[in-house]
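Protein chains in written order, with my numbering: chain B, 92 to 300; chain F, 811 to 1531.
Built from N, CA and C at the ideal position, the CB exists for glycine as well.
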């Protein structure tokens, strides 16, 4: 249970929203309610953490539409769908769209809490990953153009001699750039360099992680 | 002043009168050649001769001369008697031949005795003397002598003649249709004269009175009476002959106008007379008016010949009409229609056939062409005669009814079609619209045909041409379509129900979920050491309002499902039942279910909503159709009945299914109660609510013989005063 996390409740049925928010608050969650998908998008602040309990059937942008928009944003929140009745095709589509869970509105409280906890855990994981990437990307940002070119060649596993031939520079100059970029990035080995590049999203992470 | 000899005058006059009659009738006979005429001439001459002989006898110079003259006189008497017999035969055709022959034979025997008995003559063995007597003031002689015993033969001959005449006249009077009195008078007069003459002769023979032979006088009377009768007959026959010629001429003119040929076949002589047209029509080449009979029959188509001959020869009808073919070497074939009259004699034997023949080849050819067209038609065709019997059927029609060639002919259409024979009469001369009827094959199975009727007029009277199209296959197709439509309607009804259910579920889930969540929250709050009572109060408020909301949703759905109220009007039940039967007939047939409608005439109209009542009845009938699916096809039937009962008018739908289980009966009209796996359980519930809304009542039960009965009690409509 995270005190910082907010559970967003998006549903057009005011009575149900009131009842569920009451229940979730009584269960210890911080709850923000939204009467429609548009209202949520307006009220949302970047960097919010938590999850969304989203009604599938709503006038205007419905649950699936909101899910698509969130998926396109840089910091999506995990989504748990709710529906009045279990509607298999909608559920399947929601799960394909990346929903964390699918609940009926009359699901057991335990089930709801489990789904919320799962969503919040995932939000934390996603948020940490995004933070690491941001830091790594910042480090690479200090490199010169030539250092980036040498780095790219290094990450492809080329020896200095071939890098020099490819870039049309002297082998000694290549060594100079390598020293410069490892110094700037604060790595001591090529293996460490590869891990950092993967975190920044420059290369696919190595299979061994 | 010379003395007038009256005897000479009278006898000469008698002789002259006889000769005159003879001359007149001889001339008549020359032109007419009638046998009676000739006999009469003989009679008249005989009378004249007898008168002259009598005169000579009265003036005989000697007994010897007297005897000789008398002897020869018997030849003349023979002529007299024979001519009388001949005339009687003509005047009274009913005479007895044998009696006439006997009379004539006796007279011939008498004449033989006259010449060969050895006496002077028949009357006297010998004439011994003459006695002078006075007659009419003149002196004459009468014979004296010995009577010849053979004279009895002559007298007997005359008696026979007398009886012959009397008998002939009497027979004629008895058998003749008219002129009976005349025959009696005629016969009486002739017989009296003959008898009188004989009495005189006997008197002379026996010398009773001194008078001479004077039989010429009574025989002149006989001749006069017969002459009168003969001339009457002659005038009459001349008139008849003239009339006959006139009518024959008219008939011939008419026959020529109609190109009719006239002919006469005399059966006795086996001779055929035919006019030129008749000869031409029958293909008889000879110019001889009296064409050969066999030539006449030879022209007739061999297939028809014996039939026609038998009809002509042995026909029992006085008039007949027959059609037959004539095979012509040059022109092929022609058809004649002949109307004939068979003439008969008094005994009823056919003696002649008179006929008129006309050429009906055109009509026959037209009929043949019509038959060919009918035979070649791609549809089944029937021709129905005036008595509603089939007169022509083509092969397709025979195949349609599963009949062998010719097997349909003569059948009444009511045995093949499920229609009132009067239907055929209802259609006017115009082509009747096609309509669909049930038909029965000879094997008994039924099928549906579309019938088109067209009137034909021919010499045989009004006929109907019926074209038939077997629509069973089309009906099958239509039924298949109907079934698909029903399934579709059923499916859409189900999907509508499903949609309603899902909407209802969704709509109800919202408030129910809110209530659940609120209750859970209340549970959590109450576990706290100091529950937030204000929050609990709000929660209970919310629960109440959500509950109200759920109630409103249900009420709204119910009002959507309820539909409109009834629109009441007077309804004619028989028409309603027939309409319902018409709607379900195809479905019933498809399932092999017999559908019966029973509604007595004069049933009062009832108060009902016609649309809703029809819905109710259809629903009940369809339920019965479903119920009959488990029953053997032979015993599937549904009845629609209407009748007056003490409380009102009852409409009942009954079936021969397995009935309603006793446990199901009390709940059969409950909503969502169904005995069918696929049933919604709404049909009968809706039926009951509709009937209730009309002010009626519906009950379910089982029939005595098994099967379900649904009875709807309705109120009779009150007639406006």
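Close-in-space but distant-in-sequence residues of the same chain around residue i (CB under 7 Å, 5 per side omitted)
i, result
"residue 1215/F", "1208"
"residue 130/B", "none"
"residue 1171/F", "1144 and 1145"
"residue 1328/F", "1349, 1352 and 1353"
Under the three-state DSSP convention, the category residue i falls into
i, result
"residue 1504/F", "coil"
"residue 1150/F", "strand"
"residue 101/B", "strand"
"residue 280/B", "coil"
"residue 870/F", "coil"
"residue 763/F", "The structure shown does not extend to residue 763/F, since chain F spans only 811 to 1531, so no value can be given for it."
"residue 1129/F", "strand"
"residue 1044/F", "helix"
"residue 261/B", "coil"
"residue 216/B", "helix"
"residue 1172/F", "helix"
"residue 876/F", "helix"
"residue 1200/F", "strand"
"residue 974/F", "helix"
"residue 1404/F", "strand"
"residue 1083/F", "strand"
"residue 1249/F", "strand"
"residue 1134/F", "strand"
Inter-residue CB distance, residue i and residue j (contact presumed, cutoff 8 Å)
i, j, result
"residue 981/F", "residue 902/F", "7 Å"
"residue 1162/F", "residue 1054/F", "Contact doesn't hold; Cβ gap of about 14 Å is too wide."
"residue 118/B", "residue 1334/F", "7 Å"
"residue 1135/F", "residue 1169/F", "About 11 Å; that fails the 8 Å criterion."
"residue 1403/F", "residue 1526/F", "At roughly 31 Å, the Cβ-Cβ gap does not stay under 8 Å, so residue 1403/F and residue 1526/F are not in contact."
"residue 143/B", "residue 99/B", "4 Å"
"residue 146/B", "residue 171/B", "Actually they are not in contact, since the Cβ atoms of residue 146/B and residue 171/B sit about 11 Å apart, beyond 8 Å."
"residue 923/F", "residue 956/F", "With 8 Å as the limit, residue 923/F and residue 956/F do not qualify as a contact, their Cβ atoms being about 15 Å apart."
"residue 1165/F", "residue 1149/F", "7 Å"
"residue 931/F", "residue 992/F", "So it is not a contact: roughly 39 Å between Cβ atoms."
Contact set for residue i: own chain, Cβ-Cβ below 6 Å, skip 5 residues either direction
i, result
"residue 1155/F", "1161"
"residue 1203/F", "1192 and 1218"
"residue 767/F", "The question about residue 767/F has no answer, for chain F in this structure spans 811 to 1531."
"residue 96/B", "140, 141 and 211"
"residue 1509/F", "1521"
"residue 243/B", "none"
"residue 169/B", "142, 191, 210, 213 and 214"
"residue 1122/F", "1163"
Own chain, CB closer than 8 Å to residue i, minus 5 neighbours either side, in chain order
i, result
"residue 1440/F", "1467 and 1468"
"residue 1245/F", "1260 and 1261"
"residue 232/B", "none"
"residue 1195/F", "1201, 1270, 1271 and 1273"
Residue burial classification, residue i (beta-carbon count within 10 angstroms, cutoff 16)
i, result
"residue 916/F", "buried"
"residue 907/F", "exposed"
"residue 1471/F", "exposed"
"residue 252/B", "exposed"
"residue 280/B", "exposed"
"residue 1386/F", "buried"
"residue 893/F", "buried"
"residue 1019/F", "exposed"
"residue 196/B", "buried"
"residue 933/F", "buried"
"residue 1175/F", "exposed"
"residue 1258/F", "buried"
"residue 872/F", "exposed"
"residue 911/F", "exposed"
| query | Hey, is the region 1508-1519 of chain F in contact with the region 1413-1425 of chain F, meaning 3+ C-beta pairs nearer than 8 Å? | reply | Between the region 1508-1519 of chain F and the region 1413-1425 of chain F, the count of Cβ pairs shorter than 8 Å is below three; the stretches do not touch.
| message | Using a Cβ distance threshold of 8 Å, determine whether the region 258-271 of chain B contacts the region 225-241 of chain B, with at least three qualifying pairs required. | response | Remark: three or more beta-carbon pairs, one from each stretch, lie closer than 8 Å, so the region 258-271 of chain B and the region 225-241 of chain B are flagged as touching.
| said: Quick check: the region 1377-1394 of chain F against the region 1340-1348 of chain F, are at least 3 beta-carbon pairs closer than 8 Å? | reply: The answer is no - the region 1377-1394 of chain F does not touch the region 1340-1348 of chain F, with fewer than three Cβ pairs under 8 Å.
| said: Three Cβ pairs or more, each shorter than 8 Å: is that satisfied between the region 839-858 of chain F and the region 1026-1034 of chain F? | reply: Touching, yes.
| request: Report yes or no: do three or more beta-carbon pairs, one from the region 266-278 of chain B and one from the region 830-849 of chain F, lie closer than 8 Å? | output: With contact defined as three or more Cβ pairs closer than 8 Å, the region 266-278 of chain B and the region 830-849 of chain F are not in contact.
| field | Three or more C-beta pairs below 8 Å linking the region 1001-1017 of chain F and the region 285-293 of chain B | value | Taking a cut-off of 8 Å on C-beta distances, the region 1001-1017 of chain F does not touch the region 285-293 of chain B, as fewer than three cross pairs fall below it.
| said: Between the region 965-972 of chain F and the region 934-948 of chain F, can you find at least three pairs of beta-carbon atoms closer than 8 Å? | reply: At 8 Å Cβ cutoff, the stretches do not touch.
| task | Inspect the CB distances between the region 1406-1413 of chain F and the region 1381-1395 of chain F and report whether three or more fall short of 8 Å. | result | Yes, they touch.
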